[in-house]
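Under the working numbering, the residue at position 68 of the sequence shown is numbered 68, and the numbers go up by one with no gaps.
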Amino acid sequence: MSRVRTTLRRAGTVTALAAFGVLAAAGIASAHVTVHPDSYAKGATDGVLTFRVPNEEDTASTTKVQVFLPTDHPVLGVLVSPGDGWTAKVTNTKLKTPVKTDDGTITDAVSEITWTGGKIDPGHFEDFDVAFGQLPEDTDQLTFKTLQTYSDGKTVRWIEEAAKGDEEPENPAPVLKLTAKDAQDLGSGASATSSAAQKGSDSSDSTVAGSDSTARELGVAGLIVGVLGLAAAAFAIVRSRSGGSRPE
């Protein structure tokens with residue numbers, strides 16, 4: 001019986017450690033800068049992008065966040081919300097290719113937004129809101145390369161882009177997917193705005209659904225690990241009993 005109890009303890013320890021490893025790895029993989037919602041309709045107007053910045057360090061605070069907006073497919077009419085304790089600096093850049101709109105030709109657009117003055121403590125995150133007037137129509141996605149600076153001088157460069165079909169890189173840049181317009185989007189500007197808002201809502205729902213799906217997958221993985229551990233323990237018990245019944 002002593003051997004059985006020892007085997008069960010070992011199996012339980014292995015199971016717990018394996019499950020913890022699965023959960024820890026998932027937490028590390030998800031702790032990067034992201035943009036929400038993760039998709040909008042092409043040409044969407046009057047919307048908001050939220051950049052979520054988590055603090056991954058144990059002893060340092062995030063003190064500076066720089067988000068770089070693409071200028072080859074510019075985001076027009078950018079307005080920034082500083083946030084509590086933060087100061088936002090907006091940098092404009094002359095466009096190589098001006099953009100024609102109903103209100104005229106746009107020759108420059110925001111290329112960088114820098115937030116300073118505040119801090120994100122370890123174990124916390126901060127949301128930075130950016131309102132836009134119109135998203136581009138001639139691309140399938142926008143990549144927002146981001147630099148995150150800590151109080152100890154360390155800078156994390158969230159600038160890596162994953163090739164199609166490849167796994168997510170170690171320091172991925174936030175990516176906003178631009179989807180095809182619905183039929184109703186081809187009508188008046190009012191319906192386009194309404195559709196854009198609905199698209200943002202749907203994207204938020206899908207983000208939550210994605211998180212739920214990940215949680216379910218982790219739960220299944222933990223259950224499988226647990227079952228394997230118990231199976232190993234049961235095998236050890238049977239083997240122990242079989243060994244005890246043999247004549248010396």
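By construction, the Cβ of each residue, glycine as well, lies at the ideal position given by its N, Cα and C atoms. Quick caveat, the model's predicted, so the values are computed rather than measured.
Beta carbon of residue i nearer than 8 Å to that of residue j
i    : j    : result
H73  : P136 : yes
V75  : F128 : no
G153 : G118 : no
L142 : R157 : no
L256 : D121 : In the structure as shown, the chain starts at 1 and stops at 248, and residue 256 therefore has no counterpart that could be examined.
L319 : L79  : With the chain covering 1 to 248 only, the question about residue 319 has no answer from this structure.
T63  : S151 : yes
E167 : V53  : no
Strand pairing of residue i, partner residues [DSSP]
i    : result
E126 : V53
L142 : L176
T59  : For T59, which the question treats as bridged, DSSP gives no partner whatsoever.
H36  : T50
T45  : Q134
V80  : V130
Among the options, nearest to residue i - alpha-carbon criterion
i    : options                  : result
W86  : T116, L79, T71 and R157  : T116
T105 : W158, T97 and E112       : T97
A180 : V33, A44, T34 and A31    : A44
A60  : T143, E161, H124 and S39 : H124
F51  : V33, A109 and K100       : V33
F68  : T101, V110, D46 and D140 : V110
K145 : N55, A162, D138 and T101 : A162
T107 : L178, I113, T101 and K94 : K94
P252 : E160, D121 and T149      : Within the shown structure, residues of the chain are numbered from 1 to 248, placing residue 252 beyond reach of any answer.
E57  : P174, T149 and D38       : T149
G77  : A88, G47 and K89         : G47
K89  : N55, E112 and E170       : E112
Y40  : E170, V53 and Q134       : Q134
T114 : D103, Q66 and A31        : Q66
K100 : T155, P70, D138 and P169 : D138
Element boundaries [beta strand (DSSP E), containing residue i]
i    : result
F68  : T62 to F68
K145 : K145 to Y150
W115 : G104 to I120
K89  : T87 to T101
V175 : V175 to T179
V156 : T155 to W158
A41  : S39 to A41
beta-carbon residue i near the ligand SAM non-hydrogen atom, thresh 7 Å
i    : result
A109 : The ligand SAM is not part of the structure shown, which contains no ligands of any sort.
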